[in-house]
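Peer 1:
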Amino acid sequence: GQQVMQIPQYQHVQEGEDFTTYCNSSTTLSNIQWYKQRPGGHPVFLIQLVKSGEVKKQKRLTFQFGEAKKNSSLHITATQTTDVGTYFCAKKPAGNKLTFGGGTRVLVKP
Amino acid sequence: DTEVTQTPKHLVMGMTNKKSLKCEQHMGHRAMYWYKQKAKKPPELMFVYSYEKLSINESVPSRFSPECPNSSLLNLHLHALQPEDSALYLCASSQRTRPGDTQYFGPGTRLTVL
Numbered sequence: 003g004q005q006v007m008q009i010p011q012y013q014h015v016q017e018g019e020d021f022t023t024y025c026n027s028s029t030t031l032s033n034i035q036w037y038k039q040r041p042g043g044h045p046v047f048l049i050q051l052v053k054s055g056e057v058k059k060q061k062r063l064t065f066q067f068g069e070a071k072k073n074s075s076l077h078i079t080a081t082q083t084t085d086v087g088t089y090f091c092a093k094k095p096a097g098n099k100l101t102f103g104g105g106t107r108v109l110v111k112p
Numbered sequence: 227d228t229e230v231t232q233t234p235k236h237l238v239m240g241m242t243n244k245k246s247l248k249c250e251q252h253m254g255h256r257a258m259y260w261y262k263q264k265a266k267k268p269p270e271l272m273f274v275y276s277y278e279k280l281s282i283n284e285s286v287p288s289r290f291s292p293e294c295p296n297s298s299l300l301n302l303h304l305h306a307l308q309p310e311d312s313a314l315y316l317c318a319s320s321q322r323t324r325p326g327d328t329q330y331f332g333p334g335t336r337l338t339v340l
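So the protein sequences, as listed, match chains A and B. Taking the numbering used here, the leading residue of the first sequence gets 3, the next gets one more, and so forth. Taking the numbering used here, the leading residue of the second sequence gets 227, the next gets one more, and so forth.
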């Protein structure tokens, strides 16, 4: 089936540094969603991007949807220990099936 | 209130047992979902209910039997499971099944099959 690939699989970040995680699709996406799952927790919806080239910000998090709507990125500035967790992108084509990428597991070094 | 509740939090069962997982939401959502998540993997969709009717079954083995008694409740009946079925089972709900409808996840039931 259609896959959504995420890189990197793991991200070790020094506290205070920035990092970016990427989500790529071989086909054009109607939208892309991002979720965060803390260790031992459940996925929590962060944002949805719909428009080509769309950029949305949530405090230190910046989400971007590519011009061709085949890729997306999540950039976190000044990483904090509270940013620890796995970040998933997910596509939701017409209908109601949510398909997650493999996730980027973020570990923060104090 | 954007809360989805799930019971039990943890469940250990033998391969011959019959058990049920329960999910509840009071947000007036008419779409409910079951996902399975193995360790260090993303959630995988199992079932979708829309207006209390099963709309999607992702080729899930019949030892998993979903039920939606009313618009607030979703059950997953388990019978004759295998050890490889051990996983975190997540319930989610959304207003409807439109692509823009946000899915809200419950805390999950961590299932161990012995």
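Ideal Cβ positions, reconstructed from N, Cα and C, are used throughout, including at glycine.
Which residue comes first and which comes last in the beta strand (DSSP E) that contains residue 340 of chain B?
Peer 2: It is not in any beta strand (DSSP E) - residue 340 of chain B carries neither H nor E in the DSSP assignment.
Peer 1: Taking 8 Å as the CB-CB limit, is residue 10 of chain A close to chain B?
Peer 2: Output row for residue 10 of chain A: interface = no.
Peer 1: Using the rule of at least 16 other Cβ atoms within 10 Å of the residue's Cβ for burial, across every protein chain shown, is residue 92 of chain A buried or exposed?
Peer 2: By the neighbour-count rule (16 or more Cβ atoms within 10 Å), residue 92 of chain A is buried.
Peer 1: Can the beta-carbon of residue 247 of chain B be found closer than 8 Å to that of residue 335 of chain B?
Peer 2: Going by C-beta atoms, residue 247 of chain B is nearer than 8 Å to residue 335 of chain B.
Peer 1: Residue 3 of chain A to residue 257 of chain B, Cα distance in whole Å?
Peer 2: Bear in mind that the predicted position of residue 3 of chain A carries a pLDDT of just 48, short of 50, making it unreliable; the figure below should be weighed with that in mind. Residue 3 of chain A and residue 257 of chain B: Cα-Cα distance of roughly 23 Å.
Peer 1: By a C-beta neighbour count over all protein chains shown, 10 Å radius and 16 as the cutoff for buried, is residue 303 of chain B buried or exposed?
Peer 2: Under this definition residue 303 of chain B is an exposed residue.
Peer 1: Assuming residue 251 of chain B contacts residue 230 of chain B (C-beta within less than 8 Å), just tell me the rounded distance between them.
Peer 2: Confirmed, about 5 Å.
Peer 1: If you scan the segment 71-111 of chain A from start to end, which runs of the beta strand (DSSP E) of 3 or more residues do you find wholly inside it?
Peer 2: Counting whole runs of 3 or more residues, the segment 71-111 of chain A contains the beta strand (DSSP E) stretches 73-78, 87-93, 106-111.
Peer 1: In chain order, what residues of the segment 254-268 of chain B put their CB closer than 7 Å to some CB of chain A?
Peer 2: Residues passing the 7 Å Cβ filter: 257, 268.
Peer 1: Quick check on residue 14 of chain A: buried or exposed, where buried means 16 or more other Cβ atoms within 10 Å of its Cβ?
Peer 2: Exposed, since its Cβ has fewer than 16 Cβ neighbours within 10 Å.
Peer 1: At what residues does the beta strand (DSSP E) containing residue 38 of chain A begin and finish?
Peer 2: Note, residue 38 of chain A: beta strand (DSSP E), 34-39.
Peer 1: Taking CB distances under 8 Å as the criterion, tell me whether residue 271 of chain B reaches chain A.
Peer 2: Cβ-Cβ to chain A under 8 Å: yes for residue 271 of chain B.
Peer 1: Please report how far the alpha carbon of residue 316 of chain B lies from the alpha carbon of residue 64 of chain A, in whole angstroms.
Peer 2: Approximately 27 Å between the Cα atoms of the pair.
Peer 1: For residue 106 of chain A, count neighbouring C-beta atoms within 10 Å of its own C-beta (all shown protein chains included) and say buried if the count is 16 or more, exposed if not.
Peer 2: Buried is the call here.
Peer 1: Could you give the residue range of the beta strand (DSSP E) that holds residue 136 of chain A?
Peer 2: The first residue shown for chain A is 3 and the last is 112, placing residue 136 of chain A beyond what the model contains.
Peer 1: Run through the DSSP bridge pairs and tell me what residue 250 of chain B is partnered with.
Peer 2: The partner list for residue 250 of chain B (beta bridge, DSSP) reads B:231, B:299.
Peer 1: Check whether the segment 79-92 of chain A touches the segment 29-44 of chain A, counting contact only when three or more Cβ pairs, one atom from each stretch, lie closer than 8 Å.
Peer 2: Because the criterion of three Cβ pairs below 8 Å is met, the segment 79-92 of chain A and the segment 29-44 of chain A touch.
Peer 1: Comparing alpha-carbon positions, which option in B:329, B:245, B:277 lies nearest residue 339 of chain B?
Peer 2: It is B:245 whose Cα lies nearest to the Cα of residue 339 of chain B.
Peer 1: Taking the DSSP output, what are the residues bridged to residue 12 of chain A?
Peer 2: The partner list for residue 12 of chain A (beta bridge, DSSP) reads A:107.
Peer 1: When DSSP labels each residue in this structure, what does residue 309 of chain B get in the three-state scheme?
Peer 2: Residue 309 of chain B falls in the helix class under three-state DSSP.
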